[in-house]
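Residue numbering for the sequence shown follows numbering that gives the first Met the number 0, starting at 0 and increasing by one per position. In this text, a Cβ means the ideal position worked out from N, Cα and C, and glycines have one as well.
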Amino acid sequence: MYRCNATCPNLAIFLLLGLVLAGCSRASVADAPVVQPSAPTTIPEPSPAPAGEPLAFKSCAPQRPQACTREYSPVCATRDTGIRCITTPCPSSEHKTYSNGCGACADPKVSGWTNGACPSG
Numbered sequence: 000m001y002r003c004n005a006t007c008p009n010l011a012i013f014l015l016l017g018l019v020l021a022g023c024s025r026a027s028v029a030d031a032p033v034v035q036p037s038a039p040t041t042i043p044e045p046s047p048a049p050a051g052e053p054l055a056f057k058s059c060a061p062q063r064p065q066a067c068t069r070e071y072s073p074v075c076a077t078r079d080t081g082i083r084c085i086t087t088p089c090p091s092s093e094h095k096t097y098s099n100g101c102g103a104c105a106d107p108k109v110s111g112w113t114n115g116a117c118p119s120g
């Protein structure tokens with residue numbers, strides 16, 4: 000007759016844990032849903048303002064572009080500086096020229112833009 004010593008309870012727990020984990024891993028692999036990667040989202044750029052019309056502010060969409068074309072069509076973007084004041088004047092935003100509207104909106108600090116480069120000065 001076999002007599003159990005001090006290691007028998009530990010061996011039983013180890014074997015039981017191995018069986019439970021083996022069952023879980025088989026079930027999780029077989030039952031795992033197949034997730035297809037989503038296609039990259041492209042955000043169309045607004046068309047430029049017709050000649051003679053004032054420049055309109057175009058807000059950036061909440062979902063920012065991941066990649067942009069390298070065309071040069073300068074825009075003047077309003078960019079948050081991160082500065083918060085309790086008195087005025089307060090430079091909480093600045094204007095910065097970007098190569099195009101998509102490039103401007105790719106910057107998470109930009110709220111929107113107008114066509115054309117920013118005035119220097």
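| Asked | Found |
| --- | --- |
| Spatial neighbours of P107 in its chain, beta-carbon cut-off 8 Å, leaving aside the 5 residues before and after | R63 |
| Cβ-based burial, G81 [other Cβ within 10 Å; buried from 16] | exposed |
| Euclidean distance between Cα positions of R83 and S92 | 10 Å |
| Any beta strand (DSSP E) of 3 or more consecutive residues that is wholly inside the stretch 53 to 115 | 74 to 79, 92 to 97, 109 to 114 |
| Residue burial classification, R69 (beta-carbon count within 10 angstroms, cutoff 16) | exposed |
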